[in-house]
Amino acid sequence: MQGIKIKQWYGAAFFSGNLSLWYGYATPHWLLLILLILIWVAYRHKATSLAVVFLLGFIYPLVTQLIDSTVLERLAITKHKFLLSGEIVSWVQHDTDSSRFTFLAREVNHTTIPDTAIQLTCYANCKGLKLGEHWQLLVKLSPAIGFANPAGFNYERWLFSNNIKARGYFIDSAFNQRLGENQGISALRIHLKQRLQSAFFDPQTQGGILAMLLGDRTLLDGDARQSLRATGTGHLIAISGLHVGLAGSMGYAIAVLVWRYASRKEHVIDKQSVAWSCAVVVALIYAIISGMGLPAQRALAMLIVFAISHVIGRHWSLGQRFNMALCVVIVLQPKAALDIGFWLSFAVTAILVIYVKLAPSRKYFRGLVILQLVLCISLSALQSLFFEQVALASVVYNLWAIPWVSIVLLPLSMVWLLLDSILFTLVSSLDVAHVLTWLVASVYGIFWWGLAITELAQHSLIHVSLAPVAAILMPIAVLCIRLASSWTTKISFVWLLAMCIFPRTPTSLFKMTVLDVGQGLAIVISSQRQAML
């Protein structure tokens with residue numbers, strides 16, 4: 376029995392080792408205090424096996440990063456021009472004077488190299504670029520460094536976590552030529568985009584449905600993006616674990632309904648196995664159509680782990696499944712801890728697991744309302760820890776927006792896409808297609824109308840200090856060290872506590888403060904040991 380309890384903590388130990396590697400670069404230092412408290416519970420039982428798992432979690436991403444080093448990444452340091460051949464693997468973002476996209480390079484100067492993702496910008500003749508096309512481009516590259524921003528969106532960390540090895544722009548040249556048209560999944564996604572654009576004429580409806588179904592956010596205008604930021608509902612538009620989970624839930628529900636009204640004879644395979652298998656298949660199809668981004672991959676991995684536990688008949692607890700899913704995601708994505716979406720996804724899953732275990736049985740509707748309220752408040756608290764600010768109105772907006780998207784908007788959009796792909800060509804003369812299209816456009820209109828009321832959100836942003844959090848966690852961490860049984864455990868906790876108290880600060884980091892009072896203006900630039908006025 377004790378062995379089973381120890382195994383339940385392997386996921387936390389492996390994840391803690393992974394997190395320690397990225398410490399100071401990827402995560403706030405207060406997270407280590409929380410992990411310290413969690414791991415201490417397991418260390419009281421047995422330290423050796425968990426220490427080994429911790430070291431494996433530390434070494435694994437380090438080894439994968441060394442193996443992942445590419446030729447093009449080293450060549451980008453020279454900042455020379457290169458002739459690249461490869462494929463456009465992202466939607467092309469067209470701005471006023473430029474276009475941006477992710478390019479998967481397979482050849483450099485006619486020499487085959489391992490597939491390497493780079494971020495390219497085009498400043499002229501950009502309209503012909505499309506997802507899935509194969510191109511030969513003359514580009515000038517630079518390393519994907521120098522864009523770190525500790526006080527906001529960290530573009531350098533985003534490039535690193537998405538395995539983008541270099542940045543650059545391609546030069547208008549006769550060498551630039553299209554080598555092949557889009558095909559396969561890319562061609563299907565472009566076809567679906569064209570169908571959606573031809574069916575829905577409102578720009579906001581187009582932008583929302585393309586973002587939710589195909590992962591294409593290029594048509595979201597400035598007003599829509601501002602509304603999403605002000606209300607804290609941007610996660611509902613971006614492809615995330617919520618969308619993949621809803622797709623899996625639809626597959627599960629369809630399988631259960633078909634099973635219920637199918638033959639009454641005894642079946643060799645049980646209903647749960649069929650339902651979970653259908654959930655995985657539907658979620659996989661949706662993830663592929665949406666572009667199989669990192670959030671979709673994480674959610675799909677978690678869903679597969681939960682499905683396997685049912686199919687093979689293993690009676691794993693929710694905690695064991697959660698730990699297994701955590702380990703699988705870290706193995707598949709060693710840099711997952713660099714992405715805030717990873718923390719939010721697993722935080723939501725952890726909240727659901729805890730709620731299912733602790734909450735008493737309630738009526739269905741009342742339970743959904745309470746769960747929704749718990750999720751909104753918990754996510755707002757988590758966002759305040761990451762961003763040191765929280766929009767109070769986001770709780771109100773998410774309280775109605777999440778159920779609206781989860782129960783009405785996204786399922787209806789998926790049904791429309793399914794019927795359009797299969798049945799609308801057969802019943803296009805009927806009014807069913809027009810009615811369903813009007814219904815989808817209406818529910819999107821209600822969604823955007825609700826977000827447009829931003830007067831409350833404009834004045835609800837408050838800044839949060841992390842000092843109270845540290846003040847609460849620090850005595851608990853010290854108590855863990857005091858109660859530890861062995862010296863190895865004490866030393867481990869002292870090391871982790873020291874990392875939390877003295878976080879690593881880059882020597883090149885500086886802070887700039889602009890003081891504007893009346894007709895006077897002053898700028899203060901301060902580093903670790905110096906200040907300049």
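Each residue of the sequence shown is one higher than the last, beginning at 376 in my numbering.
A virtual CB, placed ideally from N, CA and C, is assigned to each residue, including glycine.
Does the beta carbon of residue i come closer than 8 Å to any beta carbon on chain C?
i, result
"residue 661", "The question asks about chain C, but that chain is absent: this structure has only one protein chain."
Kindly give me the distance between the Cβ atoms of residue i and residue j, rounded to whole angstroms, as I take these residues to be in contact under 8 Å.
i, j, result
"residue 478", "residue 488", "Rounded, the Cβ-Cβ distance is 13 Å, inconsistent with contact."
"residue 436", "residue 709", "3 Å"
"residue 662", "residue 731", "Incorrect: roughly 25 Å between the Cβ atoms, too far for contact."
"residue 784", "residue 818", "5 Å"
"residue 432", "residue 391", "6 Å"
"residue 814", "residue 787", "7 Å"
"residue 728", "residue 694", "7 Å"
"residue 523", "residue 540", "About 16 Å; that fails the 8 Å criterion."
"residue 726", "residue 567", "Between residue 567 and residue 726 the Cβ distance is about 33 Å, and since that is not below 8 Å, they are no contact."
"residue 393", "residue 705", "5 Å"
"residue 789", "residue 625", "6 Å"
"residue 889", "residue 898", "5 Å"
"residue 496", "residue 480", "Actually they do not touch by this definition, with Cβ atoms about 15 Å apart."
"residue 577", "residue 816", "6 Å"
"residue 615", "residue 548", "With a Cβ gap of about 39 Å, residue 615 and residue 548 do not count as contacting."
By Cβ distance, which residues of its chain are closer than 7 Å to residue i, with the 5 residues on each side in sequence left out?
i, result
"residue 379", "Residue placement at residue 379 is flagged as unreliable, the pLDDT there being 45, under the threshold of 50; the coordinate-derived value follows with that caveat. Here the set comprises nothing."
"residue 779", "822"
"residue 397", "712, 713"
"residue 684", "691, 696"
"residue 557", "505, 506, 507, 508, 565"
"residue 561", "506, 507"
"residue 773", "607, 608, 751"
"residue 629", "653"
"residue 656", "626"
Who are the near neighbours of residue i in its chain, counting only those whose CB is closer than 8 Å to its CB and skipping five residues on each side?
i, result
"residue 555", "508, 509"
"residue 795", "570, 574, 808"
"residue 559", "507"
"residue 368", "Outside the displayed span of the chain (376 to 908) sits residue 368, for which this structure offers no information."
"residue 812", "574, 575, 791"
"residue 475", "467, 468, 494, 495, 496, 497"
Whose C-alpha, out of the options, is nearest the C-alpha of residue i?
i, options, result
"residue 633", "538, 542, 647", "647"
"residue 821", "793, 808, 776", "776"
"residue 536", "439, 610, 547, 751", "439"
"residue 653", "621, 672, 504", "621"
"residue 698", "450, 712, 677, 718", "677"
"residue 770", "781, 752, 782, 757", "752"
"residue 456", "397, 905, 484, 613", "484"
"residue 458", "511, 559, 602", "511"
"residue 617", "595, 428, 673", "673"
"residue 494", "538, 482, 524", "538"
"residue 430", "388, 529, 553, 532", "388"
"residue 668", "687, 630, 716", "716"
"residue 595", "470, 460, 900", "470"
"residue 687", "645, 605, 658", "645"
"residue 824", "636, 428, 476, 599", "599"
"residue 553", "658, 907, 461", "461"
"residue 450", "550, 529, 486, 907", "486"
Counting only the same chain and skipping the five closest in sequence on each side, list residues whose C-beta sits under 6 Å from that of residue i.
i, result
"residue 902", "885"
"residue 446", "488"
"residue 349", "Examination of residue 349 is not possible in this model, given that the chain is present from 376 through 908 alone."
"residue 666", "590"
"residue 386", "698, 701, 702"
"residue 757", "722"
"residue 689", "none"
"residue 482", "460"
"residue 395", "433"
Practice task
Quick one: which unbroken beta strand (DSSP E) runs of 3-plus residues sit fully inside the region 547 to 622? Chain order, please.
Solution key: 552 to 555
Practice task
Give a yes or no on contact between the region 499 to 518 and the region 541 to 561, applying the rule of three or more CB pairs nearer than 8 Å.
Solution key: yes
Handout entry: Segment contact flag, the region 744 to 757 with the region 580 to 596, C-beta cutoff 8 Å, min 3 pairs
Key = no
Exercise for the section: Please confirm if the region 454 to 474 is in contact with the region 587 to 607, defined as three or more CB-CB distances below 8 Å between the two stretches. Expected result: yes
Handout entry: Sufficient close CB pairs (3 or more, under 8 Å) joining the region 677 to 690 to the region 492 to 509
Key = no
Problem - Completely contained alpha helix (DSSP H) runs for the region 660 to 711, where each covers 4 or more residues - result: 669 to 686, 693 to 707
Handout entry: Those runs of the alpha helix (DSSP H) which lie wholly inside the region 806 to 830 and span at least 4 residues
Key = 807 to 827
Practice task
Can you check the region 462 to 493 for any beta strand (DSSP E) of at least 3 residues that lies completely inside it and give the ranges in chain order?
Solution key: 474 to 483
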